[in-house]
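K.L.:
Can you read through this structure? Questions will come right after.
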Amino acid sequence: MDNNKHSIEEMMALKYYHIFFTGNGNVAKKVMEKASADLTPVTLELGGKSPCIIDKDINLEKTVKSFLFGKMLNAGQTCIAQIIWLFTKIYTILLLTN
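Residues 1 to 98, numbered by UniProt numbering, are exactly what the sequence shown covers, in order.
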């Protein structure tokens with residue numbers, strides 16, 4: 001679906017059993033408004049960043065492999081792909097080992 005007002009209005013004119021929407025809050029409000037007219041159930045995924053917080057007390061090799069798998073799943077086009085937060089000590093270790 002194109003992300004424009006006309007496309008969204010055309011799509012929302014149809015009847016659905018359940019609506020799943022991934023996107024921003026402004027469009028989600030419109031989806032919810034249209035869905036509420038027929039009491040259509042809605043599942044929304046809005047702007048989450050799925051943080052991966054890496055602290056000093058971890059298995060670094062296993063953690064990096066798991067993080068990269070999640071980040072690159074589906075050619076990197078996964079809406080729940082993580083961002084990474086590193087504590088200073090871990091950041092320093094990664095810099096020194098690469």
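Just so it is clear, CB atoms sit at the ideal spot from N, CA and C, and this is done for glycine as well.
Who are the Cβ neighbours of residue 53 in its own chain at under 7 Å, not counting the five residues just before and after it?
P.N.:
85
K.L.:
Just checking, does the segment 39-51 make contact with the segment 59-68 on the three C-beta pairs under 8 Å criterion?
P.N.:
no
K.L.:
Cα separation between residue 78 and residue 71?
P.N.:
8 Å
K.L.:
Check this for me: beta carbons of residue 74 and residue 47, under 9 Å apart or not?
P.N.:
no
K.L.:
DSSP puts residue 42 in a beta bridge; with which residues?
P.N.:
19
K.L.:
Do you know how far the Cα of residue 15 is from the Cα of residue 92?
P.N.:
54 Å
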